[in-house]
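A.B. asks:
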Amino acid sequence: MIMKKRKTNLGKRAQPAAQPGASKALIPLDTARIADRHRKKLEKVRQDLETAQEQWRQYTEIERPAYERWVHLECGALIAELHQMKEEYDYKAFLLNEAHARSIFSGRSLRESLHDVQEEMKRDPARDEPPPDPDAGRDFSGSGRESDADDEADWEDFFSRLADEKPKRRSAFLEGARLRSLYRDICRQLHPDTGAAMNERTKQLWNEVQEAYGNKDLERLETLRALCDLEAGSLGKSTSCSRLLDLIKHFQKGLRSLKSLLKKARNNEPGYGFSTWDNAHKTRVKHDLQGELKEGVEHLKFELKELNYILKDLEREPASYQSSRRRARAAEPW
């Protein structure tokens with residue numbers, strides 16, 4: 002007996018039955034209430050950002066400079082000694098490394114290569130100049146002429162592309178006009194000649210506006226315009242929800258960046274929280290710093306001693322070495 006397959010409509014979703022009296026008209030949304038929620042969130046994020054900015058300013062402008070002055074006061078002599086030894090070690094290590102590289106590529110002895118490097122450094126310590134360009138002054142433009150047929154084909158292709166790009170060019174023109182108009186409005190709002198206070202925040206906004214205009218970033222300029230209105234306290238009720246969301250994202254991005262910087266400073270910077278240190282804590286930190294600096298000085302002394310021994314051995318050419326060279330040259334076939 003042949004069974005007939007039952008047809009199923011698994012791929013089709015069942016349509017809900019229409020409710021009696023249901024309207025198919027569009028329901029208008031109350032965007033004012035949504036915008037009010039966005040404004041409250043924007044204000045909250047902005048306050049958090051201002052708090053983080055104040056913490057970062059407190060650390061970078063007050064705590065860190067005070068900590069650095071204290072370190073130089075307590076450990077300045079050791080720091081100067083370590084710095085001087087480090088410069089001497091770097092210079093002598095450069096001489097040896099340069100001589101070693103030259104001896105490999107030239108086939109000369111390490112002693113001779115070191116002598117050459119030392120003489121060059123005496124004549125011209127800053128000899129790092131780029132080599133002359135061998136192609137300078139040459140003309141790469143070519144002198145060949147295209148045939149008339151090729152010229153006509155190029156022109157036809159150009160006009161064909163121009164016709165295709167008319168809608169795009171019109172859109173780009175309108176966008177460029179909007180970009181310039183928006184840029185002029187922001188400049189009038191931020192420029193000190195119009196009475197705007199040129200504080201750090203205004204300078205930062207000004208630089209961001211110049212960068213966005215240079216990159217022809219219309220969306221960024223619109224966000225910066227809303228930021229300027231917010232700074233001036235003139236963010237009107239007509240500001241769209243999408244622009245408010247852009248502002249929230251902008252502040253959240255800055256807040257995340259500042260929190261990351263503060264976390265790194267708290268975990269890695271030795272002077273974080275210096276204003277809260279008592280005398281006992283300062284004494285412990287000073288003892289640890291002096292111990293580390295003394296250890297660094299002793300380590301560099303040992304490294305310099307070995308490096309000086311190698312350089313002196315290479316600079317000194319013993320008589321036995323000279324006589325062996327003369328014997329080797331005399332034995333060479335003519």
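Start counting the sequence shown at 2; every next residue gets the next number (the numbering used here). Glycine included, every Cβ here is placed at the ideal spot set by N, Cα and C. From a predicted model like this one, the values you see are computed outputs, not experimental measurements.
Of the choices Arg179, Glu201 and Leu263, whose alpha-carbon is the least far from that of Glu220?
C.D. replies: Arg179
A.B. asks: Can you list, in chain order, the residues of its chain whose CB lies under 6 Å from that of Ser114, leaving out five sequence neighbours each side?
C.D. replies: Ala100, Arg103 and Ser104
A.B. asks: For Ile187, is the classification buried or exposed, using 16 other Cβ atoms within 10 angstroms of its Cβ as the cut-off for buried?
C.D. replies: buried
A.B. asks: Hey, Ala78 and Leu256: beta-carbon distance below 7 Å or not?
C.D. replies: no
A.B. asks: Would you tell me roughly how many angstroms separate the C-alpha atoms of Asn98 and Glu89, rounded to the nearest one?
C.D. replies: 14 Å
A.B. asks: Exposed or buried, what is Tyr60 when buried is set at 16 or more other beta-carbons lying within 10 Å of its beta-carbon?
C.D. replies: buried
A.B. asks: In terms of residues, what are the limits of the alpha helix (DSSP H) holding Tyr92?
C.D. replies: Arg65 to Ser107
A.B. asks: In this structure, how does DSSP classify Asn200 when only helix, strand and coil are distinguished?
C.D. replies: coil
A.B. asks: Rounding to the nearest angstrom, what Cα-Cα distance links Ala33 and Leu74 in this structure?
C.D. replies: 60 Å
A.B. asks: Can you tell me which of the three DSSP states Arg179 falls into?
C.D. replies: Three-state result, Arg179: helix.
A.B. asks: With Tyr273 as the anchor, note down where its alpha helix (DSSP H) starts and where it stops.
C.D. replies: Note, Tyr273: premise wrong, no alpha helix (DSSP H); not H, not E.
A.B. asks: Assess, as a yes-or-no matter, whether the segment 35-45 is touched by the segment 245-255 under the definition of 3 or more beta carbon pairs within less than 8 Å.
C.D. replies: Contact between the segment 245-255 and the segment 35-45 is present, because at least three Cβ pairs lie under 8 Å.
A.B. asks: Can you tell me where the alpha helix (DSSP H) holding Leu60 begins and where it ends?
C.D. replies: Checking the displayed sequence, the identity of residue 60 turns out to be Tyr instead of Leu. Run containing Tyr60: none; DSSP gives neither H nor E here.
A.B. asks: Pull up the distance between the alpha-carbon of Glu62 and that of Gln291, whole angstroms please.
C.D. replies: 25 Å
A.B. asks: Using 8 Å for Cβ pairs, my map puts Ser276 next to Glu64. What's the rounded Cβ distance?
C.D. replies: 5 Å
A.B. asks: Between the Cα of Val1 and those of Leu50, Cys76 and Trp71, spot the shortest distance and give me the residue it belongs to.
C.D. replies: Examination of residue 1 is not possible in this model, given that the chain is present from 2 through 335 alone.
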